[in-house]
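Chains as they are written, first to last, in the working numbering: chain H, 49 to 533; chain B, 49 to 533.
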């Protein structure tokens, strides 16, 4: 048979109370068929003696098991495993079961997974990381944000207000955005046109799921922001790629396609396209608006990088033009403040926003209302504007500094067009230097494109000293590769 | 023709610089076909005079328009609208266009939207709100959380660590959860089995999308948590309802269905089922595990309410049993800390978690890494445990207090079974008192069920005084309805 010393494993050092450890052990033995329905358990006195513990502890365990119907206690007689539990065949107790694989078919193809990178391993493995364009969180007014956050929670004004309307975003933030987007982007909207999301990606996902299905066609740039393509693919829609040149996505090519095929949506990144950093020209913007009217397609305008334009004011969004309600405008604060602050927004016609809010509720009830209201305060008090001004100046100068470094140290090996804004330079390597072999040794480059033999050099997150170091390491790797050729 | 005074509207009080207001006005006139390609603009001197502004302001506006290719400046001759812009038919400029409706077919049926409630209107309209079971945020250790949060951002240790691995959740939090879930739930897992989400809802959505498609069948309780049903519906799967009685979902009925039909997943809420508050009995838990093995279906175990069980320790999760990798276990901290703190988790086999992480990345890059690490600290330092102990005691006593109030004041009108845990009582009204007419006057009830003529009375968020007031108002409304009958 078995001994209760083997069934019940006690760890005196554990933070789990001993009586609960006993209960858990007996439950596991019942669940594994070792203790069968009807089996009499030892008396509390007997089990206490076997386990060298106090009798009261065993009684507590039995009471717990009794309350949860695992056992039946017949006072002054005995305790026995409940007869109501289905009879099980004994099984080997395998503590690792939960780590076994899910055995059935899943809805995602496995190859998507391989594109994922274990970011935590990367951070600890490499000395120098070239990101694909991130803000420098050291400049961010996070502390101002958190001061407001704390003051909001201090007030303890209770559940009534803490969680209201966060599925669409707090009214306070949406009201503040109405002014902010009018001032900065010439958008003439109401709070009903805004959905607050966890970032630009969520806005893309929600729009894709509302606009597209397996019978749809969507046009994207070639190359394009890869995670957007994944979101479109998930809807079953057909993705049609159109070349991106120095003026952005080719609108003549879009027109030619529209004449042959019903297009449901066009995805554009009008400022500092990802990955190539080009800005969509005025002529093409106008053309795209015309085509959208003529061929009745929706434009998903992902303007995540609007705020950092150096050579002039940023271009007014397509969404600010007269467009009869078929533009979904997407923006984000994660790139302005800190990638950890998950606040983005979507601007669209009211009926679209209402539907998006309903879909969003299925995915996630809402955001952090305190954080949203803290951001609203940051905007209202002009703190965000001051931060943007400071950060823009700083990134502008970092762009120029990197330009200088590249010209000085790497002119022989690379070519690029200095972008008019954004947080990264799109650098093409000479054809004899394969970009895939750059990410070696102590250097990691987060976004490479092997077709164009190019990569994104995010400069915004690095100060001058860090930029110097990064270019130095990059050059060392290039020389190394050249040497081995 | 037109006058530039009509095209260019200046608001001196606006926070937008005047030169930019001019540029925006001219862009809009070009976009609307009022200013055609090739049209000569007035000289800067002339326009300055017309608008009563300084000439330098006009020059700045023209320079901006020139940089963005809206106009061409021929020095010492004139400025003209660029010829590269497509010729447009003049259109009425309608400032309200973005508020017009999106005109094409959307992928969501519109009736889903009607189920949504405008929560912000509710908060301001009603004096007394009966929620469906929310924590009392006044008890929450939010301040401890934020202290850690601030200290994490003070360190300014840069982008390298701020945003790492938040798609799956920070390693620090997942490591802490490995211990926490072992201690509290008997789960024996590694950090690789955990995905941090924005809350239980996101875990449900992700699982549904990985497990189900339009050829699948999923079993849910009747009644069930409605937003879970919506997420299942979106996958196209067929939803099969199984009755929930005082022992939870009827497992014999599940067995009968499995014998006739391929079932892909069963969704259960084992503790304090939503909305009925019943807890799944031990016998049925065992039965469900057996059926899952026999008929190879996945169990989505939504244990969002595990931590608040009053009559005994909570039941061990199904996921803690030997289950050959087909249980997806879902939990949340939003119900423990504050609905605004959007942190939930999913425990599942590694291959499932990897796929879920990939899908989650399409929806949203990740959560707030600072907040996750702050929560990890809260757990590590025992603060969460202390909070849970305190909150459990408090909610337990509130449940009993409400029980007393209901017995004293409403015994004639209502019936209910006191739940063994959770944050709400499921109250059935006498048949002559329609529950739909309760939410009137100054009272709003968030979750009613007209089929069972019942509603959820969330007691956790209300202190004794507030409970007294709420029962008083409820009684007034009942008497009012009785009177009009």
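Ideal Cβ positions, reconstructed from N, Cα and C, are used throughout, including at glycine.
Interface residues of chain H around residue i at Cβ under 8 Å?
{"i": "residue 330 of chain B", "result": "116, 117, 118, 130, 132, 133"}
{"i": "residue 231 of chain B", "result": "62, 63, 64"}
{"i": "residue 225 of chain B", "result": "Neighbours of residue 225 of chain B on chain H: none; closest Cβ ~13 Å, over 8 Å."}
{"i": "residue 79 of chain B", "result": "334, 337, 369, 370"}
What is the DSSP secondary structure of residue i, counted as helix, strand or coil?
{"i": "residue 196 of chain B", "result": "helix"}
{"i": "residue 291 of chain H", "result": "strand"}
{"i": "residue 422 of chain H", "result": "helix"}
{"i": "residue 34 of chain B", "result": "A query on residue 34 of chain B cannot be resolved here, the shown segment of chain B reaching from 49 to 533 and no further."}
{"i": "residue 54 of chain B", "result": "helix"}
{"i": "residue 492 of chain B", "result": "strand"}
{"i": "residue 141 of chain H", "result": "A caution first: residue 141 of chain H carries a pLDDT of 41, below 50, which makes its placement in the model too unreliable to give a value."}
{"i": "residue 251 of chain H", "result": "helix"}
{"i": "residue 223 of chain B", "result": "helix"}
{"i": "residue 278 of chain B", "result": "helix"}
{"i": "residue 265 of chain B", "result": "strand"}
{"i": "residue 380 of chain H", "result": "strand"}
{"i": "residue 326 of chain H", "result": "coil"}
{"i": "residue 242 of chain H", "result": "strand"}
{"i": "residue 161 of chain H", "result": "The predicted model places residue 161 of chain H with a pLDDT of 47, which falls under 50 and marks its position as unreliable; any figure quoted below should be read in that light. Residue 161 of chain H: helix per DSSP, three-state reduction."}
{"i": "residue 504 of chain B", "result": "strand"}
{"i": "residue 445 of chain H", "result": "helix"}
{"i": "residue 270 of chain B", "result": "strand"}
{"i": "residue 92 of chain B", "result": "helix"}
{"i": "residue 430 of chain H", "result": "coil"}
{"i": "residue 206 of chain B", "result": "With a pLDDT of only 46 at residue 206 of chain B, under the threshold of 50, the placement of this residue in the model should not be trusted; the figure read from the coordinates follows. It is coil, neither helix nor strand."}
{"i": "residue 349 of chain B", "result": "strand"}
So with CB distances below 8 Å, who are the chain B contacts of residue i?
{"i": "residue 410 of chain H", "result": "249, 253, 275, 278, 279, 282"}
{"i": "residue 217 of chain H", "result": "Neighbours of residue 217 of chain H on chain B: none; closest Cβ ~10 Å, over 8 Å."}
{"i": "residue 267 of chain H", "result": "Within 8 Å Cβ-Cβ: nothing; residue 267 of chain H doesn't reach chain B, min ~16 Å."}
Rounded to the nearest angstrom, what separates residue i and residue j at their Cα positions?
{"i": "residue 249 of chain H", "j": "residue 246 of chain B", "result": "14 Å"}
{"i": "residue 66 of chain H", "j": "residue 480 of chain B", "result": "51 Å"}
{"i": "residue 160 of chain H", "j": "residue 409 of chain B", "result": "Note on residue 160 of chain H: pLDDT 47, under 50, position unreliable in the model; no value is reported."}
{"i": "residue 256 of chain H", "j": "residue 378 of chain H", "result": "12 Å"}
{"i": "residue 366 of chain B", "j": "residue 78 of chain H", "result": "13 Å"}
{"i": "residue 253 of chain B", "j": "residue 88 of chain B", "result": "57 Å"}
{"i": "residue 285 of chain H", "j": "residue 491 of chain H", "result": "37 Å"}
{"i": "residue 69 of chain H", "j": "residue 92 of chain H", "result": "15 Å"}
{"i": "residue 355 of chain H", "j": "residue 362 of chain H", "result": "7 Å"}
{"i": "residue 47 of chain B", "j": "residue 288 of chain B", "result": "Past the edges of chain B, shown from 49 to 533, lies residue 47 of chain B, and the structure says nothing about it."}
{"i": "residue 380 of chain H", "j": "residue 369 of chain B", "result": "43 Å"}
Name the chain H residues whose beta carbon is nearer than 9 Å to that of residue i?
{"i": "residue 356 of chain B", "result": "Simply none; closest approach about 16 Å."}
{"i": "residue 107 of chain B", "result": "Those do not exist, as residue 107 of chain B stays about 14 Å from chain H at its closest Cβ, beyond 9 Å."}
{"i": "residue 325 of chain B", "result": "What residue 325 of chain B touches in chain H: nothing, since even the nearest Cβ is about 17 Å away."}
For residue i, does the count of other Cβ atoms within 10 angstroms reach 16, so buried, or fall short, so exposed?
{"i": "residue 234 of chain H", "result": "buried"}
{"i": "residue 274 of chain B", "result": "exposed"}
{"i": "residue 321 of chain H", "result": "buried"}
{"i": "residue 276 of chain H", "result": "buried"}
{"i": "residue 588 of chain B", "result": "For chain B, the structure presents residues 49 to 533; residue 588 of chain B sits outside this window and is missing."}
{"i": "residue 309 of chain H", "result": "exposed"}
{"i": "residue 416 of chain H", "result": "buried"}
{"i": "residue 220 of chain B", "result": "buried"}
{"i": "residue 403 of chain B", "result": "buried"}
{"i": "residue 330 of chain B", "result": "buried"}
Taking residue i as the query, report the chain B residues whose CB atoms sit under 7 Å from its CB, ordered along the chain.
{"i": "residue 360 of chain H", "result": "112, 115, 116"}
{"i": "residue 68 of chain H", "result": "361"}
{"i": "residue 418 of chain H", "result": "388"}
Output, in chain order, the set of chain H residues within a Cβ distance shorter than 7 Å of residue i.
{"i": "residue 413 of chain B", "result": "247, 249"}
{"i": "residue 36 of chain B", "result": "Outside the shown range of chain B, which is 49 to 533, sits residue 36 of chain B, and nothing can be said about it."}
{"i": "residue 83 of chain B", "result": "None at all; the shortest Cβ gap to chain H is about 12 Å."}
{"i": "residue 234 of chain B", "result": "72"}
* Asked: Using a beta-carbon distance cut-off of less than 7 Å, what residues from the stretch 363-382 of chain H approach chain B?
  -> 363, 364, 367, 369, 370, 371, 372, 373, 374
* Residues, ordered as in the chain, of the stretch 447-469 of chain B that lie near chain H by beta-carbon distance below 7 Å -> none
* Just by C-beta distance, which residues in the stretch 187-199 of chain H are closer than 7 Å to chain B? -> 190, 191, 194, 197, 198
* **Residues in the stretch 476-501 of chain B having any Cβ partner in chain H nearer than 8 Å** => Going along the stretch 476-501 of chain B in chain order, one finds no residue with a Cβ nearer than 8 Å to chain H.
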